[in-house]
Each structure stands twice: as structure tokens, then as C-alpha cells.
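Below is one structure, written out as C-alpha cells; comments come after it.
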Amino acid sequence: MIGIVIVSHSKKLAEGVQELANQMAQGRVRLAVAAGIDDPDNPLGTDAMQVYQAIESVWDGGGVVVLMDLGSALMSAEMALEFLSEEKRSNVRLCEAPLVEGTMAAVVAASAGGDIEKVLLEARGAMLAKAQFLGVNLQKFSAISPLENNGQLRETREFTIQNLMGLHARPAAQLVTMTNRFECEITLKNISQNSNSVNAKSINQVITLGVRQGDKILISAVGVDAGEALSALQALIASNFGEEVLSIPTTSPESKTEEKAEEKALLGNLRGTPASPGIAIGPVFLYQPFLHFKIEQKAENSLGEWENLQQAISTAKNDLESLWQKTLAPTGQQESAIFAAHLLYLEDPILLETTRRLIFQDKYSAAAAWKTVIDETIYDYNSIKDPYFQARGADVVDVGERVLRLLTGVENQTPQLEEAVILIAPDLSPSETVQLDLKKVLGICTSAGGATSHAAILARSLRIPAVMAVGPELLSLEPGTILALNGETGEVFINPDATQLEELQLEKDNELPQLLSNTRANEPTLTRDGRLIEVMANICGIEEAKMAGLAGADGIGLLRSEFLYFNKQTAPKEAEQVKIYEDIAKAIAPYPLIIRTLDIGGDKPLPYVNFTPETNPFLGWRGIRVLLEHPELFKTQLRAILRVSDRYAVKVMFPMISQVMEILAAKEILAETMTELRQEKIVFNEKIEVGIMIEVPAAVAMAERLAGEVNFFSIGTNDLSQYVMAADRNNPKVATLADGFSPAVLRMIQQTVKAAKESGIWVGVCGELASSALAIPILLGLGVDELSVNVSMISEVKKIISELSMAEAEIIAQDVLELDSAAAVREYVGSLFWVE
Ligand code: PEP
Ligand code: MG
Numbered sequence: 000m001i002g003i004v005i006v007s008h009s010k011k012l013a014e015g016v017q018e019l020a021n022q023m024a025q026g027r028v029r030l031a032v033a034a035g036i037d038d039p040d041n042p043l044g045t046d047a048m049q050v051y052q053a054i055e056s057v058w059d060g061g062g063v064v065v066l067m068d069l070g071s072a073l074m075s076a077e078m079a080l081e082f083l084s085e086e087k088r089s090n091v092r093l094c095e096a097p098l099v100e101g102t103m104a105a106v107v108a109a110s111a112g113g114d115i116e117k118v119l120l121e122a123r124g125a126m127l128a129k130a131q132f133l134g135v136n137l138q139k140f141s142a143i144s145p146l147e148n149n150g151q152l153r154e155t156r157e158f159t160i161q162n163l164m165g166l167h168a169r170p171a172a173q174l175v176t177m178t179n180r181f182e183c184e185i186t187l188k189n190i191s192q193n194s195n196s197v198n199a200k201s202i203n204q205v206i207t208l209g210v211r212q213g214d215k216i217l218i219s220a221v222g223v224d225a226g227e228a229l230s231a232l233q234a235l236i237a238s239n240f241g242e243e244v245l246s247i248p249t250t251s252p253e254s255k256t257e258e259k260a261e262e263k264a265l266l267g268n269l270r271g272t273p274a275s276p277g278i279a280i281g282p283v284f285l286y287q288p289f290l291h292f293k294i295e296q297k298a299e300n301s302l303g304e305w306e307n308l309q310q311a312i313s314t315a316k317n318d319l320e321s322l323w324q325k326t327l328a329p330t331g332q333q334e335s336a337i338f339a340a341h342l343l344y345l346e347d348p349i350l351l352e353t354t355r356r357l358i359f360q361d362k363y364s365a366a367a368a369w370k371t372v373i374d375e376t377i378y379d380y381n382s383i384k385d386p387y388f389q390a391r392g393a394d395v396v397d398v399g400e401r402v403l404r405l406l407t408g409v410e411n412q413t414p415q416l417e418e419a420v421i422l423i424a425p426d427l428s429p430s431e432t433v434q435l436d437l438k439k440v441l442g443i444c445t446s447a448g449g450a451t452s453h454a455a456i457l458a459r460s461l462r463i464p465a466v467m468a469v470g471p472e473l474l475s476l477e478p479g480t481i482l483a484l485n486g487e488t489g490e491v492f493i494n495p496d497a498t499q500l501e502e503l504q505l506e507k508d509n510e511l512p513q514l515l516s517n518t519r520a521n522e523p524t525l526t527r528d529g530r531l532i533e534v535m536a537n538i539c540g541i542e543e544a545k546m547a548g549l550a551g552a553d554g555i556g557l558l559r560s561e562f563l564y565f566n567k568q569t570a571p572k573e574a575e576q577v578k579i580y581e582d583i584a585k586a587i588a589p590y591p592l593i594i595r596t597l598d599i600g601g602d603k604p605l606p607y608v609n610f611t612p613e614t615n616p617f618l619g620w621r622g623i624r625v626l627l628e629h630p631e632l633f634k635t636q637l638r639a640i641l642r643v644s645d646r647y648a649v650k651v652m653f654p655m656i657s658q659v660m661e662i663l664a665a666k667e668i669l670a671e672t673m674t675e676l677r678q679e680k681i682v683f684n685e686k687i688e689v690g691i692m693i694e695v696p697a698a699v700a701m702a703e704r705l706a707g708e709v710n711f712f713s714i715g716t717n718d719l720s721q722y723v724m725a726a727d728r729n730n731p732k733v734a735t736l737a738d739g740f741s742p743a744v745l746r747m748i749q750q751t752v753k754a755a756k757e758s759g760i761w762v763g764v765c766g767e768l769a770s771s772a773l774a775i776p777i778l779l780g781l782g783v784d785e786l787s788v789n790v791s792m793i794s795e796v797k798k799i800i801s802e803l804s805m806a807e808a809e810i811i812a813q814d815v816l817e818l819d820s821a822a823a824v825r826e827y828v829g830s831l832f833w834v835e
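Residue numbering for the sequence shown follows numbering that gives the first Met the number 0, beginning at 0 and increasing consecutively.
Dropping the structure here:
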């Protein structure tokens with residue numbers, strides 16, 4: 000027999016309807032209620048898990064019809080279907096009939112033994128009898144705007160996803176961040192794969208939809224701000240989620256590497272998936288963290304357990320935010336966004352709600368509830384057919400373990416490496432990968448995983464050769480065994496013999512000249528119409544300086560010197576700094592090295608400088624503000640910079656300048672330092688170039704005055720965007736607002752360049768914007784002389800510049816300044832360069 004479920008915001012209302020229905024059906028129909036929520040202060044609401052349990056309770060094999068009141072009741076009912084087995088789901092129908100009339104008609108039809116279609120038909124026709132009685136023509140009302148739904152706005156739109164990898168972690172994270180900004184309820188359906196609707200505010204549900212490039216999706220929003228939400232989503236999708244898809248290759252970068260591997264005859268003893276190119280040779284180090292979580296299954300104090308979970312989640316979020324920041328510099332915005340996605344897992348409403356229910360209703364301990372829900376989510380990922388989306392399950396494992404460790408007090412085990420090794424492991428999580436000591440990890444080889452895992456993506460951008468999915472034999476290698484791996488072919492050699500070693504070494508030596516010839520390192524970068532643009536590198540230390548040299552950088556446009564001060568108990572001494580600056584300058588010579596003086600504060604505190612907690616660290620004591628109050632720290636650094644300036648083309652740059660008096664004060668300290676050096680008979684470049692970062696709107700407003708005091712400007716679009724848009728660059732909720740493509744930021748760049756040109760000084764851009772392919776024509780068109788970019792982008796940026804002409808760049812720049820949003824700017828430039 001068909002069971003009936005009544006879903007309502009109000010428990011009282013649902014029980015009243017149930018009472019009436021029971022009277023009609025005389026106890027012959029199985030009826031259940033899912034109404035209200037478990038919150039004494041605010042009991043009105045609906046809950047997908049309750050709906051699911053109600054369906055299960057009336058299920059006897061025949062089928063179930065669900066009747067709902069309004070708004071979120073529909074969403075909860077749709078979501079509840081997700082929890083059912085496939086077989087049950089196909090025999091459950093959600094019925095749009097009005098709750099009271101529909102339920103009465105449905106129970107009557109069910110008690111008469113009607114099948115599911117008959118029960119549905121009767122419920123749907125329930126209004127007819129009432130209308131006829133009152134003499135109302137229902138037809139007349141069918142033209143009521145579909146946008147009006149019980150006073151709520153309903154909007155539905157269809158989109159095609161263009162991103163190369165579909166709605167993978169990064170765009171999914173952006174979509175979920177965007178949907179969470181709106182009050183309305185938003186669902187998403189993959190029309191091309193005929194999926195069910197899922198909650199678009201849940202990162203897990205959005206990713207497990209497995210939306211691929213070219214798939215059509217349907218987004219529906221119900222609520223007061225439904226229209227606004229859909230317009231924002233439309234703009235986000237039109238911008239391809241900020242991914243610069245200039246052309247759509249027929250194969251993904253990963254599969255290309257795999258194809259290459261197949262072309263060659265494979266010689267290694269073991270073979271895996273090539274994940275990050277390069278040859279690595281060294282002793283193995285087995286990293287097999289065995290995380291054993293001792294978990295109590297049940298706990299009586301549900302509230303206490305829930306609070307523990309909240310605390311663990313909040314600590315995990317703070318840790319992830321630091322990781323996000325840490326990866327931003329070496330890997331660039333895109334890869335670091337992996338951690339932004341991890342933050343969203345911790346805010347996933349479905350995941351949290353299911354855990355909450357296990358704690359309060361089933362009396363699970365926080366750890367047991369969290370583990371159960373994470374395991375179920377991982378199972379969902381493993382069930383996706385597409386291997387790319389399946390690989391995203393590793394992110395859930397990573398986030399899940401992070402919280403479990405905090406709940407159970409199990410310590411994180413980062414491999415402690417004494418010497419340079421090839422790290423072998425069952426698999427690596429993104430968190431583990433970024434915590435590796437890059438100086439000691441020559442290569443990575445895992446028994447599981449794949450080329451599309453985030454660990455592989457990070458290895459590629461950190462330029463660590465890697466081979467994944469080699470198989471379990473890998474893990475039985477004795478410590479100290481010599482392993483050689485070829486990240487291009489996927490070959491792995493165990494204790495390679497002399498001939499193999501020689502061949503591999505030869506190939507390894509060839510990597511460097513190849514990098515040089517690919518990027519025309521020795522040639523200046525000219526636009527098609529002959530304008531010279533310098534392409535410099537942003538670096539944090541010597542390793543990147545060497546790579547920048549090999550990749551053909553025209554110099555170092557930004558040495559973030561603060562990275563040399565981190566992980567220390569005291570500030571590095573003058574001699575230590577001289578050595579580091581000298582090594583870096585030598586690695587890039589004869590090209591210039593711009594050393595930015597310490598930019599601490601904001602999100603980068605130093606343990607040995609006394610930072611008192613601030614409500615808004617980004618608006619607080621940072622950059623030049625700290626230096627001017629710590630002349631001893633400042634002078635030591637200036638002395639070290641000056642001492643290298645006599646032998647190398649070194650320039651000095653001050654961060655976070657917002658007032659003319661700050662540059663005057665900084666120059667005064669520089670002059671004092673020079674006097675001291677002269678007295679000590681230490682030679683230095685008396686004419687060292689002095690520049691400032693333009694990264695505060697006040698500096699843009701005062702650019703003509705500031706330009707009179709310095710030799711160059713370097714625009715820091717990362718900070719400039721956050722300050723112009725009043726959107727914290729580290730806050731995932733608003734980080735997308737802090738977008739350098741925003742016309743507001745672009746106009747600021749225009750104003751800065753104009754002031755620089757009028758004073759005859761050169762101007763560069765060293766923020767992340769300069770590393771975005773779509774931004775290059777705009778920046779060139781605005782008159783920027785130099786771009787300082789991520790090391791991994793140097794050759795691409797050079798190539799793009801050489802394909803542009805200044806004439807077209809200037810037109811593009813003028814056009815985008817007139818647009819209204821960052822999305823419109825991206826769409827406009829993207830449409831010009833879209834190559835099929
Ligand atoms: C910037 O703000 O754009 C910049 C390059 O500096 P940082 O990212 O180090 O703050
Ligand atoms: Mg900055």
C-alpha cells in the first residue's frame with residue numbers, strides 16, 4: 000500500500016492534518032509526519048533527515064507520496080530523496096498539491112488500494128472539488144506569474160559550464176561561496192546527466208554532481224533575493240569562474256602527460272601515473288602516517304559534544320586559513336584555492352546538519368558522528384564515475400582527518416627529514432604536500448592517488464617531480480634504497496644501475512637548457528609593435544631565484560624579504576642577510592633584484608616583534624608602519640641591502656606606503672644608514688634606486704606627490720584590491736570581491752601610471768593580477784612598463800606579450816575601464832582571445 004508523508008514547517012499544523020487524515024482513512028493508511036525542527040527557540044522549519052526517516056517509517060514496498068507546505072519544505076523533501084536507496088527513490092513521489100486538500104485526497108485513494116499514480120492523480124485534483132463548490136474557475140489563475148510562489152520569488156535559469164575541468168573544486172568552491180551570500184534557497188541540477196537537484200550551498204553536493212565541461216545545469220532559487228542571486232551566479236559562470244580558458248584543448252594537461260608516457264618505451268622496474276615532470280634521484284623515505292583515532296561511539300552530553308565539534312572546526316578553519324596564506328606565495332592563487340575549498344567543506348550545511356543529528360538524536364560522540372558523516376561523504380565521491388571528481392574525495396579525507404585529529408588529540412605527523420630524499424607514501428593529502436620541506440624533498444612517489452589529485456596539482460606548481468599510483472610494492476622498499484623517478488614518463492627505477500643512472504642524469508641535465516630554450520630567456524620581450532616590457536619574477540628565496548633565472552626572467556621584481564625572517568627565534572643578523580641577498584642577486588645577475596623591505600603585520604606576524612592583537616590586522620600595524628617604529632630592524636636590513644648594492648643591480652622598495660611623510664621618513668633612515676656605512680668605509684651604490692609599493696588607495700590618490708620622491712612604483716594589486724573593495728583578501732566569504740579585474744582597481748592602476756609617467760618614473764605591477772593571462776593586455780594598454788609574476792608564469796606571460804600589439808592593448812584597456820564589473824572585464828577580454 001502507498002504510504003503518505005506530511006512535511007510542514009509547523010509540527011502543530013502537520014499533526015492537525017494527520018489527525019484529520021487518520022479520521023478519513025480509519026487507520027488503514029500508513030501516515031507519518033516530518034515537521035518543525037529540533038530548536039526550542041525557533042521550532043518552525045523543515046529538516047531533510049526527518050523527511051527521510053518519515054519515508055522509511057511508512058515504507059512497506061509499495062511506494063510513498065510526500066505532501067509539503069512551502070519554501071524549504073520542498074528543498075528538504077528533495078534532499079531527503081538523496082538519502083534513499085535507488086530502488087526506494089524511484090518509488091517516492093513529491094506531490095505539489097496543497098497540503099490539507101492533497102493529503103485528504105491522497106489518503107482516501109491510498110486506503111482504497113490505489114497505486115502510486117492513482118494516489119498522485121487524486122491528490123492533484125483535490126482543489127477541483129473545492130473550486131467547483133465555490134464556483135471558481137481555476138484556469139483563470141494558471142497565468143499567475145510563475146515567479147510568485149507563496150509570496151516568494153522563484154527564479155530558474157539554465158547555463159552551460161565552459162570550464163575545462165567542469166565544476167571541479169575551485170569553481171565549485173566559488174559557486175558555493177556565492178550561493179551562501181544569499182538568503183534564498185538555491186538548488187542545482189545537472190540536466191545533461193539527468194541528476195537530482197542538490198543544495199547549491201553544499202560543497203559536497205555540488206562537487207558530487209560531477210558537472211563536466213559542456214554540461215547544462217539548471218539553477219533554481221526561491222526567496223526574497225532569488226533574482227539577485229541568479230544574476231550574480233550568471234556573472235560568475237559567464238566569467239568561467241575566473242579561469243583563463245583561452246582555448247579548449249581536446250585533452251587535459253594530465254592526459255597529455257600520460258600520452259607522452261605511453262609514446263616512450265618504459266624501462267623502469269615500477270610504473271605509475273606521471274604527475275609532475277622532472278627527474279629525481281635519491282634515497283627513499285617512507286612516510287606512512289598511521290593515524291589511529293580512538294573513538295568512543297556514544298556520549299550522553301550531546302550539547303558538550305556539539306560544542307567540542309564547533310571548537311575543533313573553528314581551529315581547523317584557522318589552520319586552513321594559514322595554509323591558504325602560506326601557499327598563496329609559492330604556488331599562486333589557483334592552487335592555494337584548494338584550501339579555500341577545504342574551508343567550505345567545514346561550512347557545508349548538509350554535512351553539519353547530519354553530524355548534528357547523529358550527536359543529538361542518536362547520542363553519538365562528536366568524533367563518531369563526524370567520522371560517520373565523513374566516511375559516507377567519501378563513499379559518495381568514490382561512487383562518481385568521473386575519475387577527476389572521484390579524486391576530490393581525497394580533499395574530504397584531508398579535511399575530515401584534520402577535524403578528527405583536533406577532536407581526539409592525535410598529533411599531525413609531518414615527515415622529519417634529515418637529508419634530501421624521495422618521499423614515498425600511500426598517498427599525500429594537499430595539507431601534507433604543502434608542509435613538505437621543499438629543500439629536502441627531491442621527488443614524490445605514491446602507491447595510490449592520481450595525476451589529478453590535489454597533491455599532484457601542488458607538486459606540479461611546486462615543481463617537485465612526482466609519480467603517483469605506482470602500486471603497493473612501492474611501500475615495501477627498504478629505507479635508504481635509491482630510487483630514480485621520471486615524472487614525465489611515470490617510470491620508477493629501484494636501485495638504478497650505472498647505465499640507467501647515467502641516462503637519467505643526462506636527461507636531468509637537459510631539463511635546464513630545455514627550460515631556457517623554451518622561454519627564449521636571453522631575448523627581451525617585445526610586443527608585436529616593438530614595445531619592450533620587462534617580465535620579472537616574484538620570489539621568496541634562493542630556490543625560486545634560480546628557477547626565475549632559468550625560466551628567463553628579466554630580473555626579480557619582488558623579493559618578499561619577510562619570508563627570510565619567518566621560522567626564526569630572532570631576526571637574521573646583518574651578515575646572514577648579506578649572504579642571502581648576495582646569493583639571490585648572483586642567481587639572477589646581471590639582471591636587477593628588487594628587495595622589498597620587511598612587510599610584516601597584517602596576516603604575517605613575527606614572533607620576535609611585539610604585535611598586540613588587533614581587530615583589523617590588515618588595517619593595522621604593518622609594513623612601513625612597523626619599520627619606522629623599529630629602526631634597529633629596518634637599519635640592519637638596509638645595511639645588508641646596501642652592502643650588496645656595490646656588486647649587483649640591487650634596488651630597494653618600501654611596502655604599504657600611504658603618506659608622503661612615510662617615504663620621507665624611510666628615506667631619512669636610508670640616508671642615515673648610508674652615512675654610517677661611509678664612516679665605516681663600506682662601499683655601496685650611492686645611487687641605489689628607491690621605489691615604493693602602491694597598494695593603498697591613499698597612495699594612488701597621492702601618486703603625483705609620491706612620484707617626486709622615488710625612482711619607481713610597483714603596484715601591489717593583491718592589497719590594493721582588498722583595500723579598494725573593502726574586502727579582506729583572506730576571508731573566503733568576500734575574497735572574490737577583492738578582485739584585481741574590478742574596474743575600480745583598474746582605474747586606480749590607470750591613475751597611478753599617469754602620475755608615474757608625468758614624473759618620468761617607471762611603473763610595474765607585482766600583484767597576482769600580473770600573472771593572469773587576461774590581465775596582460777589591460778596592464779600593457781594602461782602603460783605599465785614591467786610585470787612581476789609567479790616564476791611558473793614567466794614563459795607564458797612573455798609569450799602573450801609577444802603576441803600582442805600596444806595599439807590593441809590600449810583599445811582593450813580603454814574599453815574595460817568603462818565596464819561595470821570584474822566579471823564583465825574578464826568576459827570581454829576572454830571573448831577577444833577565445834580561440835576554438
Ligand atoms: C601585493 O599586495 O599585491 C603584493 C605584491 O604584496 P603581498 O602580496 O606580499 O602583500
Ligand atoms: Mg602587499
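Beta carbons are placed, not taken as given, at the ideal position from N, Cα and C, and that holds for glycine.
CB contact flag (residue i, residue j, <8 Å)
{"i": "Leu443", "j": "Ala458", "result": "Residue 443 is actually Ile in this sequence, not Leu. Closer than 8 Å, so yes."}
{"i": "Ile811", "j": "Gly780", "result": "yes"}
{"i": "Val107", "j": "Ile3", "result": "no"}
{"i": "Lys200", "j": "Val175", "result": "yes"}
{"i": "Met0", "j": "Asp59", "result": "yes"}
{"i": "Leu736", "j": "Leu816", "result": "no"}
{"i": "Leu83", "j": "Val91", "result": "yes"}
{"i": "Ile202", "j": "Tyr378", "result": "no"}
{"i": "Ile160", "j": "Gln212", "result": "yes"}
{"i": "Ile668", "j": "Phe711", "result": "no"}
{"i": "Val466", "j": "Val491", "result": "yes"}
{"i": "Thr207", "j": "Met74", "result": "no"}
{"i": "Ile714", "j": "Ile691", "result": "no"}
{"i": "Ile115", "j": "Glu157", "result": "no"}
{"i": "Leu473", "j": "Leu269", "result": "yes"}
{"i": "Val28", "j": "Ala109", "result": "yes"}
Supposed contact pair residue j and residue i - C-beta distance, whole angstroms, cut 8 Å
{"i": "Ala367", "j": "Ile312", "result": "Incorrect: roughly 16 Å between the Cβ atoms, too far for contact."}
{"i": "Thr596", "j": "Ser560", "result": "6 Å"}
{"i": "Asp394", "j": "Ala168", "result": "6 Å"}
{"i": "Ile593", "j": "Leu557", "result": "6 Å"}
{"i": "Ala47", "j": "His8", "result": "Between His8 and Ala47 the Cβ distance is about 14 Å, and since that is not below 8 Å, they are no contact."}
{"i": "Phe284", "j": "Leu416", "result": "6 Å"}
{"i": "Asp547", "j": "Val790", "result": "Position check: residue 547 holds Ala in this sequence, whereas Asp was assumed. About 5 Å separates the two Cβ atoms, so the contact holds."}
For residue i, the residue or residues it bridges with in DSSP
{"i": "Met842", "result": "With the chain covering only 0 through 835, there is no way to say anything about residue 842."}
{"i": "Trp305", "result": "Beta-bridge pairing links Trp305 to no other residue."}
{"i": "Thr159", "result": "Lys215"}
{"i": "Tyr363", "result": "Lys297"}
{"i": "Cys444", "result": "Ile423, Val466"}
Same chain, Cβ closer than 6 Å to residue i, neighbours up to 5 away in sequence not counted
{"i": "Ala808", "result": "Pro776, Leu779, Gly780"}
{"i": "Asp553", "result": "Glu533, Val534, Met535, Tyr590"}
{"i": "Ala664", "result": "Leu627"}
{"i": "Leu12", "result": "none"}
{"i": "Trp620", "result": "Gly600"}
{"i": "Ala647", "result": "In the sequence under discussion, the amino acid at residue 647 is Tyr, which differs from the Ala named in the question. Around Tyr647: Ala584, Ala588."}
Spatial neighbours of residue i in its chain, beta-carbon cut-off 7 Å, leaving aside the 5 residues before and after
{"i": "Val699", "result": "Ile693, Met747, Gln750, Thr751"}
{"i": "Met792", "result": "Ser770"}
{"i": "Ala447", "result": "Pro425, Asp426, Ala468"}
{"i": "Val16", "result": "Ile5, Leu98, Val99, Thr102"}
{"i": "Lys362", "result": "Lys297, Ala298, Glu299, Ser301"}
Sequence-distant residues of its chain with Cβ nearer than 8 Å to residue i (five each side left out)
{"i": "Thr249", "result": "Low confidence applies here, because Thr249 scores a pLDDT of 34, under 50, leaving its location unreliable; read the following figure in that light. No residues qualify anywhere along the chain."}
Residues around the ligand MG, please: the ones whose beta-carbon is closer than 5 Å to some heavy atom of it, in chain order. Glu694, Gly715, Asp718
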